[in-house]
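Shown next, in structure tokens, is the structure this report addresses.
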Ligand SMILES: [Zn+2]
């Protein structure tokens, strides 16, 4: 059943577990995500970026998710706009049937971020949709980074408290040291869990972790084994994901892991069966590999068997 983001995330907030927010760009990714939810008995957030919406068409993106949620009515699912860049973009998603939106104005000055977020929150809440915003800059932090440098890029807990009160936003993505993509950390992985706990204490709302792909060894290896190049890639280790959930993270954005797992299988078929050109022979194993990664993630985050 299609529900608002808050309906899923407030339960996770009260129950101290995390729910995966999985990105999709086509039928195959969505199929793998829903099959994983069925297998693990887990609520899900499926999310599309503005780029994914451009690729699929917004009506197709919404239509696909509605079809799946009508088929599996017992699975709570929220359809989320990932990194909305403007009020117009969020409004279009809300008007088209999204049940959750992110307004990402984190690169603006605080007051501008507050103003943009407020405008989206008002329109979204009038339409039964809930909202995510972001504070701080998403980037990896080094072991030897100074306190001043940390303060310059990571979320300020006091600011987070003010921001949530001022905007009435439903869930917040505080920058604590993760970054997008497959190369998250130069040295050892490093996240600021103390800062995270302080943000949770001061805001007491569901929190969101961006750039949360783990790139497990077996996923990396399967990609490298087919001649793919991901050398030097580093994700957020499973132990860190668990610690983040314990510290108050409830929405865990995951995209890179899904892409790598899927494409490793596509590469494998391309390498081993040069005469193959039936799309299904490439995509079916891709979906299976992706489903396995997602089920495992649901177990780690604690959303399995929470329906
Ligand atoms: Zn993100």
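Residue numbers (the working numbering): 882 to 1188.
Glycine included, every Cβ here is placed at the ideal spot set by N, Cα and C.
Listed in chain order, the non-local C-beta contacts of residue 1049 below 7 Å within the same chain comprise 1002, local neighbours out to five positions each way being set aside. Less than 7 Å separates the beta-carbon of residue 1182 from that of residue 1133. When DSSP states are grouped into helix, strand and coil, residue 906 belongs to the coil group. Between residue 982 and residue 1012, the CB-CB gap stays under 7 Å.
In the DSSP assignment, residue 1054 falls within the unbroken beta strand (DSSP E) covering 1052 to 1055. At a Cβ-Cβ threshold of 7 Å, residue 1075 and residue 1141 do not count as neighbours. Proximity of the beta carbon of residue 961 to ligand 1 is not indicated: no heavy atom of the ligand is located closer than 6 Å. In this structure, residue 1010 lies near residue 980, with their beta-carbon atoms less than 7 Å apart. In this structure, the C-beta of residue 988 stays at least 6 Å away from each heavy atom of ligand 1. The C-alpha of residue 1057 is placed about 6 Å away from the C-alpha of residue 1035. Shown here, residue 1073 sits in coil according to DSSP, grouped into three states, outside any helix or strand. Contact between residue 958 and residue 911 is ruled out by a C-beta separation of about 10 Å, above the 8 Å threshold.
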